[in-house]
Amino acid sequence: MKILLSGTASDSHTWNLVYLGLFLEELGHEVVGLGPCVDAELLAAACLRHAPDAVVLSSVNGHGYRDGLTAVRRLRAEPALA
Numbered sequence: 000m001k002i003l004l005s006g007t008a009s010d011s012h013t014w015n016l017v018y019l020g021l022f023l024e025e026l027g028h029e030v031v032g033l034g035p036c037v038d039a040e041l042l043a044a045a046c047l048r049h050a051p052d053a054v055v056l057s058s059v060n061g062h063g064y065r066d067g068l069t070a071v072r073r074l075r076a077e078p079a080l081a
């Protein structure tokens, strides 16, 4: 399974992304890592470019909920991804 792994727009933490990426690869998945501080537009563009089977958003700060909702709304607004 191809998985797109990303931090949310306001989250600059990287250890969680490294850990999740290694864990998913260990389970046999192909991981496309976008890194931290990825906004909804960049996430949507990456989804269109890479056509992942799943998207994993990670956040360890207090804005993750808001940023996650923004990202999900943006992905749902893209006809090719909805």
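All residue numbers for the sequence shown refer to numbering that gives the first Met the number 0, where the first residue is 0 and numbers rise by one.
The C-beta atom is built at its ideal place from N, Cα and C for all residues, glycine as well.
DSSP, reduced to helix, strand and coil, places Leu26 outside both helices and strands of the structure shown, so it counts as coil. By the criterion of a C-beta distance shorter than 6 Å, Glu29 is surrounded in its chain by Lys1, once the five residues flanking it on both sides are discounted.
The criterion of a C-beta distance shorter than 8 Å is not satisfied by Cys36 and Leu80. The segment 49–60 and the segment 4–14 touch, with no fewer than 3 CB-CB distances between them shorter than 8 Å. Residue burial annotation: Val17 is exposed, with fewer than 16 other C-beta atoms found within 10 angstroms of its C-beta.
Under DSSP, Val59 takes part in no beta bridge, so it has no partner.
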